[in-house]
Amino acid sequence: MDPVDALTEIAELLERERSSTYKSKAFRAAADAIRDLPESQLSDTAGLRRRAGIGERTLSVILEAREGRIPAYLADLRERRGVVPGGELRRRLRGDLHCHSEWSDGTTPIAEMVAAARALEHEYLALTDHSPRLRVARGLSPERLREQLKVVAEMGGGGFTLLSGIEVDILDDGALDQEDELLRRLDIVVASAHSKLRMPRAAMTRRLVGAASDPRVDVLGHVTGRLVEGERGTRPPSDFDPEPVFAACAAHGVAVEINSRPERQDPPDELIAMALHAGCLFAIDSDAHAPGQLSLLDYGAERAERLGVPAERIVTTWPLDRLREWTGRERG
Ligand SMILES: [Zn+2]
Ligand SMILES: [Zn+2]
């Protein structure tokens, strides 16, 4: 087995199970440290041991892989990963409209997210780093977003498209946290609430209706903000009246996100049923913060399939041309 492949796969599996980023970064660093080494240096175990970026655990992975074995650490992770019944709907997903890079609170450069998306055979991926107010997540100022757009424009090709985008904060009054000119220029605008999730029902309803009615918005992200498991603990869903929120999404062609992260599972089942009834579109997104998390789409697809969401209503099953027609639609 190729040692770089083994180290990279380990990093991705650790990311997918949302282990500490410190761990996955160590495996990515070791992969970088040996990627361009000639055979003479790769076979020099003492030399590898002294090399920056390589520790005891990563060294043993390299040695086992070079002996032609599946490293034990990798075998364990593969077994733990299990199989998610992605089914027919998972196979129909062509891309993902929500992910983060190290420009905000993701763990890797954009290029590594792109490589992982290509490996999953995505046709497109929207890079949606956070907006300025979300300081804890290093939200991008207008200047940094302009810089990022230049980088994004250079990526893609060979049947893969990196779409420009943002996960823009929905402010308390429903306004969006980024310059109008930038929001209009981006391919994909995901609008999400990250603060004051415990607002009174009427105010929260107004806030979400405001975002869903905003002509610059394409996707309403993790609409309830709930957390159902995981390191950050749990958090109940925000309180709002779903009817006018989903009515606004349906009227304005805004897709309701089915957020695939296991700790979010947002919206809850009963709200997906309501959005379906309201005539909404959906986007099944990973909200990946690391390359290995792009494959979390399996979980979102499994939920959508179980709840009977037709593929036709899911924008991420559409070919890119049709997706672009939708994002460029006339806004009411
Ligand atoms: Zn978010
Ligand atoms: Zn996000």
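Under this note's numbering, think of the first position of the sequence shown as 14, with each following residue one higher.
Where is the CB? At the ideal position from N, CA and C, for every residue including glycine.
Between residue i and residue j, is the Cβ-Cβ spacing less than 9 Å?
i    : j    : result
R316 : D282 : yes
V267 : L294 : yes
R105 : L333 : no
R220 : D190 : no
T218 : D193 : no
E276 : E318 : no
I346 : D231 : Nothing about residue 346 can be reported from this structure: the residues present for the chain run from 14 to 345 only.
M287 : E338 : no
A303 : L102 : no
D118 : H135 : no
G152 : A188 : no
F40  : L20  : yes
A260 : A291 : yes
F173 : V127 : yes
R197 : D252 : no
I285 : L233 : no
With a threshold of 8 Å (Cβ to nearest heavy atom), would residue i be considered close to ligand 4?
i    : result
V203 : You won't find ligand 4 in this model; what it holds is ligand 1 and ligand 2.
Tell me residue i's beta-bridge partners as DSSP assigns them.
i    : result
D109 : L138
L4   : Given a span of 14 to 345 for the chain in the structure shown, any question on residue 4 remains unanswerable.
I327 : F295
G170 : F173
Please determine, among the options, the residue with the shortest C-alpha to C-alpha distance to residue i.
i    : options                : result
E69  : Y86, E80, R82          : Y86
G305 : K38, P16, M14          : K38
L27  : D57, R79, L147, E92    : E92
A301 : L55, R104, P122        : P122
T236 : D227, H135, E244, V258 : Contrary to the premise, residue 236 reads as Val rather than Thr in this sequence. The shortest Cα separation from V236 among D227, H135, E244, V258 belongs to V258.
A150 : I179, V202, D109, D186 : I179
L50  : S33, I75, S32          : I75
C262 : S226, V203, T21        : S226
V164 : S177, V96, F173, G152  : S177
S308 : L133, L233, G321, G246 : L133
D15  : E167, S33, L55, K36    : L55
M168 : D18, G66, A130         : A130
H265 : A215, Y137, G341, R335 : G341
G154 : G171, L195, G170       : Inspection of the sequence shows that residue 154 is occupied by Ser rather than by Gly. When only C-alpha atoms are compared, the closest one is L195.
S208 : R146, A88, L336        : R146
Looking at C-beta atoms only, is the number of pairs between the stretch 36 to 50 and the stretch 107 to 116 that lie closer than 8 Å three or more? no
For a minimum of 3 consecutive residues, which ranges assigned as the beta strand (DSSP E) are wholly contained in the stretch 258 to 310? 268 to 272, 294 to 298
Could you tell me which uninterrupted alpha helix (DSSP H) segments, each at least 4 residues in length, are contained entirely in the stretch 66 to 97, listed from first to last along the chain? 69 to 79, 85 to 94
4-residue-minimum alpha helix (DSSP H) runs that sit fully inside the stretch 178 to 257, ordered along the chain: 193 to 198, 214 to 225
Three or more C-beta pairs under 8 Å: does that hold for the stretch 315 to 333 against the stretch 155 to 164? no
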